[in-house]
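Remarks on the structure that follows.
There are 2 protein chains.
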Amino acid sequence: MQLTHTRIRIVTEIKRRQVIRAGTTVEQMVRAIADMIVTGFFVPGERMDEISLAARFDVSRTPVREALRELGAMGLVDREPNRSAVVANVTEAYLHSMFEAMSELEAICARLSAERMTVDERRSLELEHRASAKLVHAGAEEAYAAHNTEFHTRLYRGAHNEHIFELVTQTRARLAPFRRAQFRLPGRLAKSYDEHDVIVTAIMRGDVAAAGQAAYSHVAIVSDASITFATAKNA
Amino acid sequence: MQLTHTRIRIVTEIKRRQVIRAGTTVEQMVRAIADMIVTGFFVPGERMDEISLAARFDVSRTPVREALRELGAMGLVDREPNRSAVVANVTEAYLHSMFEAMSELEAICARLSAERMTVDERRSLELEHRASAKLVHAGAEEAYAAHNTEFHTRLYRGAHNEHIFELVTQTRARLAPFRRAQFRLPGRLAKSYDEHDVIVTAIMRGDVAAAGQAAYSHVAIVSDASITFATAKNA
DNA sequence: TTACGGAAAAGTGTATGCAATGACCGTGCC
DNA sequence: GGCACGGTCATTGCATACACTTTTCCGTAA
Chain A
16 MQLTHTRIRI
26 VTEIKRRQVI
36 RAGTTVEQMV
46 RAIADMIVTG
56 FFVPGERMDE
66 ISLAARFDVS
76 RTPVREALRE
86 LGAMGLVDRE
96 PNRSAVVANV
106 TEAYLHSMFE
116 AMSELEAICA
126 RLSAERMTVD
136 ERRSLELEHR
146 ASAKLVHAGA
156 EEAYAAHNTE
166 FHTRLYRGAH
176 NEHIFELVTQ
186 TRARLAPFRR
196 AQFRLPGRLA
206 KSYDEHDVIV
216 TAIMRGDVAA
226 AGQAAYSHVA
236 IVSDASITFA
246 TAKNA
Chain B
16 MQLTHTRIRI
26 VTEIKRRQVI
36 RAGTTVEQMV
46 RAIADMIVTG
56 FFVPGERMDE
66 ISLAARFDVS
76 RTPVREALRE
86 LGAMGLVDRE
96 PNRSAVVANV
106 TEAYLHSMFE
116 AMSELEAICA
126 RLSAERMTVD
136 ERRSLELEHR
146 ASAKLVHAGA
156 EEAYAAHNTE
166 FHTRLYRGAH
176 NEHIFELVTQ
186 TRARLAPFRR
196 AQFRLPGRLA
206 KSYDEHDVIV
216 TAIMRGDVAA
226 AGQAAYSHVA
236 IVSDASITFA
246 TAKNA
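First to last, the sequence lines map onto chains A and B. Under this note's numbering, the letters of the first sequence match residues 16 to 250, in that order. Under this note's numbering, the letters of the second sequence match residues 16 to 250, in that order.
What follows is the structure in C-alpha cells.
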C-alpha cells in the first residue's frame, strides 16, 4: 500500500483525522472506540473483531489491536486469548462493587476538597453549582448532565491528589455505559441539585466529615438509580 | 522464520516458556517486564527500547509493543509517541499522591473488612498475623516482607469489593518500585507488627472506625519510610 | 432427526518490511 | 566560540504476510 496507493492513503488519512482527533492512530482509535462504548453505540456484550474495526477506521489491524489492548486495560472491553474483544459486560455484583467504590472515592475527594480547595476553587464550585439551578427549573436534562459531570470533576480536582484523580476518573469511565439514563427518573434533577447543595455547603464551611458523608450518599443514590436501569435493561 | 527455522523456533519457544510462564507471548512479557521493574532490575527512568526487549526475549517487536502499551496503561512505564518507553519515574508530588491514595484505600478496605469479613477470614487473618511474630523475632526481613504482602492482600480481599480490590492492587503495583527497602529501617519490623496488631484487633472487634484509622496510619508510616528512601536514592 | 467428524472459513497471534519521526553529529555561518 | 542548519542513524509507527486457533457448517452415519 505504501508505494502505489500513497495518494489514497493521504486522502483517507485526512478524512480520518477530521473524523477523529489528533495524536497517533492508536490514540485516536482508543478515544473513538471508548466514546462509542461510553455513548452506547456499542452495547455491553457486543463482539468487536479486529478486522471489522480496522475496516471501519481504514487502518490495519496492528493499531486496532493495540487500541483494544489499551481499552482492555481500562476495563472497557474484555479480552481473552484467541477470542474477539467484547464490550465489557460486568456482572451485577461487579457493578455494585464499582458503584460502592465510586461512593468511597467521591467521599474521599469531598473530604480532601473541604480541606484543600483554594478560595478560587471554592468560589467556582459554588458559582457553577448555583448556576445549575436554572437548568433544573428548565428541566434541561442534557445540559444538567453536562453540568453534573463538570461538578464532580471539580470535586476530584479539588482533592489535590493526582493519583486519586486518576482512580476516580477511571472508575467513572468504566461506569459510564451503565448510568446513561440516570436523569430520566422523575424529580431526579431537583434531588440531585439538593444533594449537590449539601456537599457544596459542607465544603464551603470546611466541614470535612459532612462533605464526605454527603458525597457518599449522593453517589449511593445515583448508583441505585443506575443499577435499576442497568439491570432492567438486561432483563 | 516460520518455514525454515521452525525447529529453532520450537527450541527457543521452550526455553522462553521455562524462563517466563504460560499464556500468550504478550502476557508472558507483561509479567516478565513488570517483574523486572518491580524488583528493581530496571530502574525508574531507564529507557526500554522495543528492539532490545525483542532481542532479549527472542520475539518480534509486535508483542513487545503490545506489552509496553499494557505496562503503560498499568502506569509502570511512561510512553510518548515516537519515543522509547521509559520505566515510570514519578515526581515526588505524584509519589506522595499515590501513597496518600494507598492510605485512603487501605482504610476503606480495613473498614469494610471489619464489617464484612467472614469468620474464616477473620480467623485466618489473626492466625497469619500471630505467626508473623516469629519472623519479627528472627529479624527475617525477606520472609516478613512476604508475610506483609499477604497480610495486606487479605485486607483487600476481606473488603468483599472486587473493584476496590483492583484499584488497591494496581496502586500497590505502581508503588512497588519505590518501597523495596522499607524493612531495612532499624526497628521497622517490630513496629510494623504492632501496627498490624492494632488493625487485626479492631477488625476482630468489628470496630469499623478504629480499623480504618489504624490502617490509614499504618500505611502513612510506611509511606514516609519509603519516600525517604526513594528521594534519597534519586538525589 | 440428531450427533459426530472434519474441512473450510473466520479471526487472532506473531514476524517482518517499509515509512516517518526524532536524536545525534558535524559543518558552515555569524 | 557559539549557533543554525542539514544529513545520517537509531528507533518507533503502521501495514502486510503468514501461522495458528476457534468457529461454522455441511455431509455422513447412527
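No residue lacks a Cβ here, since even glycine has one placed at the ideal position from N, Cα and C.
With a 10 Å radius around its C-beta and 16 neighbouring C-beta atoms as the bar for buried, classify residue i as buried or exposed.
{"i": "G154/A", "result": "exposed"}
{"i": "S75/A", "result": "exposed"}
{"i": "A250/B", "result": "Unreliable positioning characterises A250/B in this predicted model, as indicated by a pLDDT of 35, which lies under 50. A coordinate reading is not provided."}
{"i": "R201/A", "result": "It should be noted that the sequence gives Pro, not Arg, for residue 201/A. P201/A is exposed by the Cβ-count criterion."}
{"i": "L142/A", "result": "exposed"}
{"i": "R272/B", "result": "It is not possible to answer for residue 272/B, since the shown part of chain B is limited to 16 through 250."}
{"i": "E165/A", "result": "exposed"}
{"i": "T106/B", "result": "exposed"}
{"i": "N163/A", "result": "buried"}
{"i": "A47/A", "result": "buried"}
{"i": "F57/A", "result": "buried"}
{"i": "R80/A", "result": "buried"}
State yes or no: is the C-beta of residue i within less than 8 Å of the C-beta of residue j?
{"i": "L91/A", "j": "R189/A", "result": "yes"}
{"i": "I242/B", "j": "A230/B", "result": "no"}
{"i": "R187/A", "j": "L140/A", "result": "no"}
{"i": "E197/A", "j": "A129/A", "result": "According to the sequence provided, residue 197/A is Gln. The question's Glu does not apply to it. No, these two residues do not count as a Cβ contact at 8 Å."}
{"i": "M44/B", "j": "F72/B", "result": "yes"}
{"i": "H211/B", "j": "H144/B", "result": "yes"}
{"i": "M14/A", "j": "G173/A", "result": "Given that chain A is displayed from residue 16 to residue 250, the structure contains no residue 14/A and the question cannot be resolved."}
{"i": "N176/A", "j": "S238/B", "result": "no"}
{"i": "L204/B", "j": "E136/B", "result": "no"}
In angstroms, rounded to a whole number, what distance separates the CA positions of residue i and residue j?
{"i": "V68/B", "j": "L150/B", "result": "Just to set this straight, residue 68/B is Leu in the shown sequence, not Val. Distance between the alpha carbons of L68/B and L150/B is about 38 Å."}
{"i": "P78/A", "j": "D64/A", "result": "13 Å"}
{"i": "A103/A", "j": "K206/B", "result": "43 Å"}
{"i": "R36/B", "j": "A49/B", "result": "Because R36/B sits at a pLDDT of 41, beneath the cut-off of 50, its placement in the model cannot be relied upon, and the point is left open."}
{"i": "R62/A", "j": "V53/A", "result": "15 Å"}
{"i": "V41/A", "j": "G227/A", "result": "38 Å"}
{"i": "E85/A", "j": "E85/B", "result": "6 Å"}
{"i": "A161/B", "j": "R194/B", "result": "13 Å"}
{"i": "V26/A", "j": "F180/A", "result": "Its pLDDT being 35, under 50, V26/A is placed unreliably by the model, and nothing is read from it."}
{"i": "A185/B", "j": "A191/B", "result": "First, the amino acid is wrong: residue 185/B is Gln here, not Ala. Roughly 10 Å separates the two Cα atoms."}
{"i": "H167/A", "j": "L127/B", "result": "24 Å"}
{"i": "I236/B", "j": "R199/B", "result": "14 Å"}
{"i": "M51/A", "j": "P59/A", "result": "11 Å"}
{"i": "G38/A", "j": "R98/A", "result": "28 Å"}
What first and last residue would you give for the alpha helix (DSSP H) that runs through residue i?
{"i": "V58/A", "result": "Where V58/A is concerned, there is no enclosing alpha helix (DSSP H), given that its DSSP letter is neither H nor E."}
{"i": "V215/A", "result": "203-220"}
{"i": "L146/B", "result": "Sequence check: residue 146/B is Ala here, not Leu. A146/B -> alpha helix (DSSP H) spans 134-153."}
{"i": "A160/B", "result": "156-173"}
{"i": "A191/B", "result": "Taken as a continuous stretch (DSSP letters only), A191/B belongs to no alpha helix (DSSP H), as it is neither H nor E."}
{"i": "V79/A", "result": "76-89"}
{"i": "F114/B", "result": "107-131"}
{"i": "R71/B", "result": "65-72"}
Could you check how far apart the C-beta atoms of residue i and residue j are, in whole angstroms? I think they sit under 8 Å.
{"i": "V183/A", "j": "E95/A", "result": "About 28 Å separates the two Cβ atoms, so there is no contact after all."}
{"i": "A125/A", "j": "I218/A", "result": "7 Å"}
{"i": "H178/A", "j": "Y109/B", "result": "7 Å"}
{"i": "G87/A", "j": "A70/A", "result": "Actually they do not touch by this definition, with Cβ atoms about 21 Å apart."}
Which first and last residues belong to the beta strand (DSSP E) in which residue i is found?
{"i": "A100/B", "result": "100-102"}
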